[in-house]
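For reference, the structure discussed in these notes is given below.
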Amino acid sequence: MLKLSKQEQAFRDEVRDFITSHLPPDIKYKVDNNLLLKKSDHVRWQKILHEKGWFAASWPEQYGGKNWSAVQQYLFDQENALAGAPFISPFGVNMVGPVVYTFGNQARKDAYLPGILTSDTWWCQGYSEPNAGSDLASFKTPARRDGDGDGDGDGDGDGDGDEYIINGTKMWTTQAQYADMMHMLVRTSSRGRKQEGITFLCVDMKSPGISISPIITIDGLHHTNQTFFNNVRVPVANRIGEEGDGWKIARFLLEHERGAIADTAAKSRSLAAIRARIKLLEEDGMNKSRLLQFQLRAAELDAETLALIAMEQRYLTEWQERAPRPAEAAALKVRGTELQQKLFVLTADLYGPYKMAYDATYIDRGEMPAQRSPAQEASGGGYLYLYGRCASIYGGTNQVQRNIIASSRLR
Ligand SMILES: Cc1cc2nc3c(=O)[nH]c(=O)nc-3n(C[C@H](O)[C@H](O)[C@H](O)COP(=O)(O)OP(=O)(O)OC[C@H]3O[C@@H](n4cnc5c(N)ncnc54)[C@H](O)[C@@H]3O)c2cc1C
Numbered sequence: 227m228l229k230l231s232k233q234e235q236a237f238r239d240e241v242r243d244f245i246t247s248h249l250p251p252d253i254k255y256k257v258d259n260n261l262l263l264k265k266s267d268h269v270r271w272q273k274i275l276h277e278k279g280w281f282a283a284s285w286p287e288q289y290g291g292k293n294w295s296a297v298q299q300y301l302f303d304q305e306n307a308l309a310g311a312p313f314i315s316p317f318g319v320n321m322v323g324p325v326v327y328t329f330g331n332q333a334r335k336d337a338y339l340p341g342i343l344t345s346d347t348w349w350c351q352g353y354s355e356p357n358a359g360s361d362l363a364s365f366k367t368p369a370r371r372d373g374d375g376d377g378d379g380d381g382d383g384d385g386d387g388d389e390y391i392i393n394g395t396k397m398w399t400t401q402a403q404y405a406d407m408m409h410m411l412v413r414t415s416s417r418g419r420k421q422e423g424i425t426f427l428c429v430d431m432k433s434p435g436i437s438i439s440p441i442i443t444i445d446g447l448h449h450t451n452q453t454f455f456n457n458v459r460v461p462v463a464n465r466i467g468e469e470g471d472g473w474k475i476a477r478f479l480l481e482h483e484r485g486a487i488a489d490t491a492a493k494s495r496s497l498a499a500i501r502a503r504i505k506l507l508e509e510d511g512m513n514k515s516r517l518l519q520f521q522l523r524a525a526e527l528d529a530e531t532l533a534l535i536a537m538e539q540r541y542l543t544e545w546q547e548r549a550p551r552p553a554e555a556a557a558l559k560v561r562g563t564e565l566q567q568k569l570f571v572l573t574a575d576l577y578g579p580y581k582m583a584y585d586a587t588y589i590d591r592g593e594m595p596a597q598r599s600p601a602q603e604a605s606g607g608g609y610l611y612l613y614g615r616c617a618s619i620y621g622g623t624n625q626v627q628r629n630i631i632a633s634s635r636l637r
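If you use my numbering, the sequence shown corresponds to residues 227 to 637, in order.
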């Protein structure tokens, strides 16, 4: 298990004290009741963290971070989740931010990093397409280079002008309805292998020609979208890296996305809520054999959570000595999301037949009536159960993660 030094223990205590004393009660209420967090909730909390210097703290100091070690970031994430604070929206700070300071030129760093740090610029991710998810490199959306209509403005027709023109569609663009910017993959050449000819662009979501069509997920809520591009002009200056560097950058970004997924503190919170609910059922006089079944299921998930914590901490300990391997991040993603789904199934089952009365209205509004009916009470559990189904799909499906593990370890 992870051994904390005295400084790390003091750091954890400081984080715990700060979060407990600064988390706005109305935001905590939403998290405690499994209600939908709005962009404004995330921004408010992220700005509080930014003022303290704890937002993007694992970024290098020269870019506004604090150079936090992997252990410090882990301790922060644990305390943030245990306290009932909102999760940190990853598209800016965890995804495009590290891409910009690693691959971007000074102008891109100046343009994008300050807005990510203050959460004044909200980002979404445009990678997947209707026929390209697991096999991401087969995506199509082309970006043609054009300066002035005939080619590039210099009259030679070689298409090296100062704008790209994008036509196509991106699928499952989560939070695109709120986003100011999208980081996206476009195809700038169809020559060579499909991993070649991919370019990484940052696109202003207010650009003429962008339209968004909501996708309402199984929980009845609007988290994600299909985004369409109709002759959307994007300055070449918005590119990160060189033309054709996109696949290398996308792989770097996906490793950042996957490693963060085990999220064990949120699971410990779910378990605590499950135990509290079982206690209530016991006090209400639930039949002993049914109660025992629930207690056994909770005990099994408790053991699985402890095993996942051990896995996560081993990953972290090794991280301090060498860069983690993709197979290890993949294993954490698979075990983490499977356990999350089991916890949410048990949470919903504890509401018995009331779980069928799921009503998205309360979840969306972010408010529950003070006097709740059992059906209203069950809606929070229903939301976790329904939305939780997508955890084994996004960030790379669990089947694809198993392929990564197999090809790395079973050769
Ligand atoms: C709620 C939600 C939010 C999302 N947010 C975003 C976002 O913000 N931005 C973004 O770009 N994308 C986003 N995604 C897309 C997500 O990354 C893709 O859905 C995912 O990569 C799977 O791709 P797909 O949906 O095309 O399924 P497919 O790739 O078509 O897969 C269909 C099934 O086949 C299986 N399969 C496919 N290939 C293999 C293989 N080689 N071996 C074994 N099994 C295989 C898969 O596991 C899956 O079960 C989101 C998805 C969801 C559900």
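Using N, Cα and C, we set each Cβ at its ideal position, and we do this for glycine too.
As the structure is a prediction and not an experimental result, all values here were calculated from the model.
DSSP has residue i in a bridge; who is on the other side?
i       : result
Ala-369 : Ile-392
Thr-425 : Val-412
Arg-430 : Note on identity: in this sequence residue 430 is Asp, with Arg being the wrong assignment. DSSP, once it has assigned bridges, lists Met-407 as partnering Asp-430.
Ala-358 : Glu-355
Met-397 : Gln-452
Arg-465 : Leu-427
Trp-349 : Met-407
Arg-459 : Ile-391
Ile-436 : Phe-455
Could you give the first and the last residue of the continuous beta strand (DSSP E) run that contains residue i?
i       : result
Trp-271 : Run containing Trp-271: none in the beta strand (DSSP E); it sits in the alpha helix (DSSP H), 265 to 278.
Ile-444 : Unbroken run through Ile-444: none, as it is neither H nor E.
What span of residues does the alpha helix (DSSP H) with residue i cover, start to end?
i       : result
Asn-306 : 296 to 308
Pro-251 : 251 to 258
Ile-619 : Segment: none, Ile-619 is in no alpha helix (DSSP H) and carries neither H nor E.
Lys-559 : 552 to 575
Ser-496 : 490 to 509
Asn-320 : Where Asn-320 is concerned, there is no enclosing alpha helix (DSSP H), given that its DSSP letter is neither H nor E.
Ala-583 : Segment: none, Ala-583 is in no alpha helix (DSSP H) and carries neither H nor E.
Glu-530 : 514 to 545
Gly-341 : 332 to 344
Gln-597 : Looking at the DSSP string, Gln-597 is not in any alpha helix (DSSP H), and its letter there is neither H nor E.
Ser-634 : 624 to 635
Phe-237 : 232 to 248
Using only CA atoms, which one of the options lies nearest to residue i?
i       : options                            : result
Tyr-584 : Leu-565, Tyr-613, Lys-559, Gln-567 : Tyr-613
Lys-420 : Ala-307, Gln-539, Lys-474          : Lys-474
Asp-252 : Ala-311, Arg-561, Gly-467          : Ala-311
Val-269 : Cys-616, Arg-551, Pro-316          : Pro-316
Glu-240 : Lys-505, Trp-280, Asn-293, Cys-616 : Trp-280
Leu-572 : Ser-599, Ala-596, Arg-523          : Arg-523
Ala-601 : Leu-249, Leu-576, Trp-545, Trp-349 : Leu-576
Asp-346 : His-276, Arg-371, Ser-360          : His-276
Arg-242 : Ser-231, Phe-302, Gly-435          : Phe-302
Lys-568 : Ile-442, Trp-271, Glu-530, Pro-340 : Glu-530
Tyr-580 : Tyr-404, Arg-598, Gly-592, Gly-423 : Arg-598
Ala-463 : Gln-332, Pro-552, Ala-596          : Gln-332
Asn-457 : Thr-443, Asp-445, Ile-436, Gly-446 : Ile-436
Asp-445 : Arg-238, Arg-615, Pro-250          : Arg-615
Gly-318 : Gln-304, Gly-341, Gln-299, Glu-305 : Gly-341
Counting C-beta neighbours from all protein chains within 10 Å, is the total for residue i 16 or more, i.e. buried, or is it exposed?
i       : result
Thr-587 : exposed
Leu-636 : exposed
Met-582 : exposed
Arg-561 : buried
Gln-288 : exposed
Glu-538 : buried
Asp-376 : Low confidence applies here, because Asp-376 scores a pLDDT of 49, under 50, leaving its location unreliable and the question unanswered by this model.
Asn-624 : buried
Asp-336 : exposed
Asn-357 : exposed
Excluding five sequence neighbours on each side, which residues of the same chain lie with their C-beta closer than 8 angstroms to the C-beta of residue i?
i       : result
Ala-369 : Tyr-390, Ile-391, Ile-392, Val-412, Arg-413, Thr-414, Thr-425, Leu-427, Val-460
Pro-324 : Trp-285, Phe-478, Leu-479, His-482
Gln-235 : none
Ile-504 : Leu-517, Phe-520, Gln-521, Ala-524, Leu-576
Val-297 : Leu-228, Leu-230, Glu-234, Leu-542, Gln-546
Gln-403 : Ile-438, Pro-440, His-448, Asn-451
Tyr-353 : Leu-362, Phe-365, Lys-396, Met-410, Leu-411, Ala-476
Trp-294 : Ala-283, Ser-284, Phe-302
What residues in its chain sit with their C-beta under 7 angstroms from that of residue i, if we drop five residues either side in the sequence?
i       : result
Ile-466 : Val-325, Val-326, Phe-329, Gly-330, Arg-334, Phe-426, Cys-428, Ile-475
Glu-469 : Thr-414, Thr-425
Gly-291 : Ala-282, Ala-283, Ser-284, Trp-285
Lys-256 : Leu-263, Asp-267, Gly-592
Ala-553 : Ile-630, Ile-631, Ser-634, Arg-635
Less than 6 angstroms between C-beta atoms, sequence neighbours within five positions excluded: which residues of the same chain meet that for residue i?
i       : result
Ala-307 : Ala-491, Ala-492
Tyr-338 : Val-326
Pro-440 : His-448, Asn-451
Asn-260 : Gly-606, Tyr-609, Leu-610
Asp-556 : A small fix is needed here, since residue 556 is Ala in this sequence, not Asp. For Ala-556, where only same-chain residues beyond five positions count, the Cβ hits under 6 angstroms are Gln-627, Ile-630, Ile-631.
His-248 : Ile-274
Asp-258 : Gly-310
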